[in-house]
DNA sequence: CCGTATCCGGGGGGATACTG
DNA sequence: CAGTATCCCCCCGGATACGG
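Protein chains in written order, with the numbering used here: chain G, 1 to 232; chain R, 233 to 464.
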């Protein structure tokens, strides 16, 4: 936030002084979601320039919201973790997200969603416990998108969660998911479902029938998926 | 928020697109607190220029958060009231305020607080039911401030709440409150109390002993006053 | 892999004055 | 009372390239 500040003793204004600058809330959301490394944060906030990301992280550190920790000496590697003050921002993030899910029109944004970000969000919330306890490879193919963006979801070790590949990892594919990005995004945000998209031919599943049949379940949804939209 | 938007389907980002622009959260807070008229809003957000206030109100109206209603024809008079979507922003405001009260350092802002804003906030939360049921006049005198800013709190009709005057209303004064602006602000935000400020000679009360003795009670505090500060 | 450095443009918004 | 109108500066932040 710029220098001629709000200058109000109201705690709402004081907090806004910190949280109101561009990208800050979105970044904190990604931190709350669990990303700690610089490049992981970048994946969660892909349209933010690294320069600005670095700047915001410094600000958050300065404000006692984030702690920057050295995790390895060579090569020098850091992680950014929320302090107690930062952790309590979860309540703020949740309140904002719940309101957004309920009241903000989604359609304009669905039009040009980001496949990389969607995969990144899906990966995080995967219910690996509901997937077969072996290596599982799911290949997402988004129509009308430059073929360049391959999207493989690779579950090797249930303990470690899934990996994301943008190039063919070479494994046999258990399930091909072919759909438009808009539908997949709508499913993840809870305003559409796998069965409905399949029945309306917006989603095509080819492969292992078990993995296919349970997709709505193992595909963890957005934390706000349960909230009904009210926007006119 | 500017045009190159976040472009994220995450509801936190979508909501931030609306709420993230400068002054918006602070303005919504004032709307939640009950102000509906343009000039009342100005008093609650004194450092915001009328041009920007007008612009933000239009944006909020466009986004379905505020409704602009004509209340009188001559002179043309409008009021701004929160829509259902706007009312539900109260949860967001509260979450932000609670976090701010708990974790944001207050001291820098206490230094140059705004007496007009403080009076405006105090007036709103006055516990008129705990004041004598007759006309009560309290004259606040802030030391080290240009004498120009007189601050009379006038309770005429308990039904209608109190009035604020910047010029001597001419009534007999029931209580003189003499203090530095910093102490009074600290009291209102709950990090100080009337008795303590009095005992430390930062607050001087002269006048009706009943009104004086019950000041800590009839002076309604900030909605966030109960939350303990944790900031280092 | 984890950032930093630099450039540069657009526009947000602060200040001030004014009007129906 | 309820806003408009105008000016103009500053700085945010987007883009790109580069270093440890």
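Here a beta-carbon is modelled for each residue, glycine too, at the ideal position from N, C-alpha and C.
Note that the structure is a prediction, hence the values are computed from the model and not measured.
Are the C-beta of residue 80(G) and some C-beta of chain R separated by less than 7 Å? no
Runs of alpha helix (DSSP H) wholly within the segment 247-334 of chain R (minimum 4 residues, chain order): Complete alpha helix (DSSP H) runs here, min 4: 256-265, 270-276, 282-294 and 316-319.
Cβ-Cβ separation, residue 109(G) to residue 239(R) (assumed contact under 8 Å), whole Å: With a Cβ gap of about 7 Å, residue 239(R) and residue 109(G) count as contacting.
Return the Cβ separation of residue 16(G) and residue 258(R) in integer angstroms, given the expectation that the two are a contact with Cβ distance under 8 Å. 6 Å
Could you run through the segment 49-69 of chain G and flag, in chain order, every residue whose CB is less than 9 Å away from some CB of chain R? 63, 64 and 65
Where does residue 168(G) fall in DSSP's three states? coil
Buried or exposed, going by whether 16 or more other CB atoms sit within 10 Å of the CB of residue 73(G)? Burial check for residue 73(G): the Cβ neighbour count within 10 Å stays below 16, so the residue is exposed.
Does any CB atom of chain R fall closer than 7 Å to the CB of residue 29(G)? yes
Is the beta carbon of residue 79(G) closer than 7 Å to that of residue 66(G)? In this structure, residue 79(G) does not lie closer than 7 Å to residue 66(G) by Cβ.
Per-residue DSSP class, three states only, for residue 383(R): strand
Using 7 Å as the limit for Cβ to Cβ distance, is residue 450(R) near chain G? no
Select from the segment 342-373 of chain R all residues with a C-beta closer than 8 Å to any C-beta belonging to chain G, and list them in chain order. 342, 344, 345, 346, 349, 350 and 353
Measure the Cβ-Cβ separation of residue 241(R) and residue 185(G) and say whether it is below 7 Å. yes
DSSP on residue 225(G), reduced to helix/strand/coil? Of the three classes helix, strand and coil, the one that applies to residue 225(G) here is coil, per DSSP.
From residue 1(G) to residue 231(G), what distance separates their C-alpha atoms? Bear in mind that the predicted position of residue 1(G) carries a pLDDT of just 39, short of 50, making it too unreliable to give a figure here.
Run of the alpha helix (DSSP H) containing residue 117(G), from where it starts to where it stops: 115-125
Should residue 323(R) be flagged as near chain G, meaning a C-beta pair shorter than 7 Å? Cβ-Cβ to chain G under 7 Å: yes for residue 323(R).
Across which residues does DSSP place residue 422(R) in a beta bridge pair? None; residue 422(R) has no bridge partner.
Can you give me the C-alpha to C-alpha distance between residue 351(R) and residue 190(G), rounded to a whole angstrom? 46 Å
Give the straight-line distance between the Cα atoms of residue 61(G) and residue 82(G), rounded to the nearest whole angstrom. 9 Å
Coil, strand or helix - residue 111(G) by DSSP: Looking at residue 111(G) - three-state DSSP - the assignment turns out to be helix.
Measure how close the beta-carbons of residue 177(G) and residue 139(G) come, nearest whole angstrom, since I'm counting them as under 8 Å. 7 Å
With a 10 Å radius around its C-beta and 16 neighbouring C-beta atoms as the bar for buried, classify residue 309(R) as buried or exposed. Under this definition residue 309(R) is an exposed residue.
Measuring CB to CB, does residue 174(G) end up less than 7 Å from residue 128(G)? The criterion of a C-beta distance shorter than 7 Å is not satisfied by residue 174(G) and residue 128(G).
Taking beta-carbon pairs under 7 Å, can you tell me which members of the segment 169-192 of chain G lie near chain R? 185 and 189
Backbone CA spacing between residue 113(G) and residue 90(G) [nearest angstrom]: 25 Å
Would residue 88(G) count as contacting chain R if we go by Cβ distances under 7 Å? yes
Nearest chain R C-beta to residue 25(G) closer than 7 Å, yes or no? yes
Contacts of residue 467(R) in chain G (Cβ-Cβ under 7 Å): One cannot answer for residue 467(R) here, as it falls past the ends of chain R, which runs 233 to 464.
Taking the Cβ atom as the reference point for each residue, do residue 396(R) and residue 347(R) lie within a distance shorter than 7 Å? no
Name the DSSP beta bridge partners of residue 207(G), please? 175(G)
Tell me which same chain residues have a C-beta within less than 6 Å of the C-beta of residue 398(R), skipping the five on either side of it? Taken in chain order, the residues that qualify are 382.
Compute the distance between the beta-carbons of residue 244(R) and residue 95(G), then report whether it is under 7 Å. no
Strictly under 7 Å for the Cβ-Cβ distance: is residue 47(G) near chain R by that measure? yes
Which residue's Cα is closest to the Cα of residue 336(R): 153(G), 19(G), 168(G) and 30(G)? It is 19(G) whose Cα lies nearest to the Cα of residue 336(R).
Distance check for residue 134(G) and residue 211(G), CA to CA, integer angstroms please. Those two C-alpha atoms are separated by around 12 Å.
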